[in-house]
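Worksheet for the structure shown next.
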Amino acid sequence: MKLPSYTLEQLREAPHLSYSALNTYLNICQLQYFFRYVEKIEPERTPVALPFGTAFHSTLSEQAQSAKKGELLSAEQLTEIFATYFKSNCDNAANLVFKKEDNQDDLIATASRMLETVTREWCDYWNIEAVAMPFQVDIPGTELPLIGEIDMVVAEALPFSEEPVTPCLVDFKTAARMWPDGKADRDLQATVFSYAFEKLTGKRPTFRFDVITKTKTPAVRHFYTIRLPDDYNRLERLIQAVDHAIQAGVFLPNETSFACSDCPYASHCRTWHCSAKSSAAETKVAA
Numbered sequence: 367m368k369l370p371s372y373t374l375e376q377l378r379e380a381p382h383l384s385y386s387a388l389n390t391y392l393n394i395c396q397l398q399y400f401f402r403y404v405e406k407i408e409p410e411r412t413p414v415a416l417p418f419g420t421a422f423h424s425t426l427s428e429q430a431q432s433a434k435k436g437e438l439l440s441a442e443q444l445t446e447i448f449a450t451y452f453k454s455n456c457d458n459a460a461n462l463v464f465k466k467e468d469n470q471d472d473l474i475a476t477a478s479r480m481l482e483t484v485t486r487e488w489c490d491y492w493n494i495e496a497v498a499m500p501f502q503v504d505i506p507g508t509e510l511p512l513i514g515e516i517d518m519v520v521a522e523a524l525p526f527s528e529e530p531v532t533p534c535l536v537d538f539k540t541a542a543r544m545w546p547d548g549k550a551d552r553d554l555q556a557t558v559f560s561y562a563f564e565k566l567t568g569k570r571p572t573f574r575f576d577v578i579t580k581t582k583t584p585a586v587r588h589f590y591t592i593r594l595p596d597d598y599n600r601l602e603r604l605i606q607a608v609d610h611a612i613q614a615g616v617f618l619p620n621e622t623s624f625a626c627s628d629c630p631y632a633s634h635c636r637t638w639h640c641s642a643k644s645s646a647a648e649t650k651v652a653a
């Protein structure tokens, strides 16, 4: 498989849309989108789960790179790698906030248990075709390209398929509790990433979420899903509608969002109605 010559960091330098931005606008809060992507306000708080999750992703990327060569890093090696990433992420996070019961050492111990479970369950080696694969695709009817990065692409054989192998996009997820059945089939990220991959390669992928729980006894489960042409048509219409709303300056608070308790812009939200001034002219934005 031919891999892109650009990096995600290079793509982020130009105005763009991303899954994270779309998810913020559609599923979290339009006003949070405004503060983050339009006004670019420094977060008032960064929950420690963010640097934890980012460090865990980076660690599993290193495991995937090693596994692609037929090797496997030990849980001890992975824990050292995680600790380095995690401490660096914490140092660079704006206004980092820990939960009362958490501290850095305890979270590293939690990650160690999770990585031990991941290592025991790891199943991809020579079938790994790409790790941390960036993408950029155009969306009909919008000005900005859609960018992102796929954690891992593997080749999998599917029963009763006419193709000898099918590309499978893998996304690593950490979760406080295991996902319920059916969640993957509704997930916007699987739609966005599958759409981009198919546009770039001409191949229809399957999608696999590898969910690792942060519980006392961590568990790993693989959740498979697939997207079809009608899902892509709906995604294009959705992105066009979001783009139109953003350009029109539509940024309303979600008063009952699940994300309110950890909102990085809570004080700005509380006073938003006193000085709301977002207009279409102010919302040419890079997401």
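When we follow this note's numbering, the leftmost residue of the sequence shown carries the number 367, and every step to the right adds one.
A virtual CB, placed ideally from N, CA and C, is assigned to each residue, including glycine.
query, result
"Please state the DSSP three-state secondary structure of HIS588.", "strand"
"Which residues does DSSP pair with GLU515 in a beta bridge?", "PRO500"
"So, for CYS456: in the same chain, excluding its five sequence neighbours on each side, which residues have a beta-carbon less than 8 Å away from its beta-carbon?", "VAL414, PRO417, LEU462 and GLN470"
"Starting from ALA632, trace the alpha helix (DSSP H) in both directions and tell me its first and last residue.", "632 to 636"
"Residues in the same chain with beta-carbon distance under 6 Å from ALA459, minus the five sequence neighbours each way, listed in chain order, please.", "THR412 and PRO417"
"Have a look at ALA550 and PRO595 and give me their C-alpha separation to the nearest angstrom.", "17 Å"
"Find the nearest neighbour of PRO660 within the set THR476, ARG402 and HIS382, judged by alpha-carbon distance.", "The displayed coordinates of the chain run from 367 to 653. Any statement about residue 660 would go beyond what the structure contains."
"On the DSSP bridge list, what partners appear for SER384?", "ILE513"
"Pull up the CB-CB distance for LEU397 and TRP638, whole angstroms please, since I reckon it's below 8 Å.", "6 Å"
"Where do the N-terminal and C-terminal ends of the beta strand (DSSP E) with THR532 fall, by residue?", "532 to 541"
"Please classify ALA380: is it buried, with 16 or more other beta-carbons within 10 angstroms of its beta-carbon, or exposed?", "exposed"
"When DSSP labels each residue in this structure, what does VAL484 get in the three-state scheme?", "helix"
"Return the residue from the list GLU482, SER633 and ALA614 that minimises the CA-CA distance to LYS582.", "GLU482"
"Using DSSP bridges, identify the partner residues of THR579.", "ALA541"
"Please list, in chain order, all residues of the same chain as PRO511 whose beta carbon is under 6 Å from its beta carbon, the five residues on each side excluded.", "HIS382, GLN502 and ASP504"
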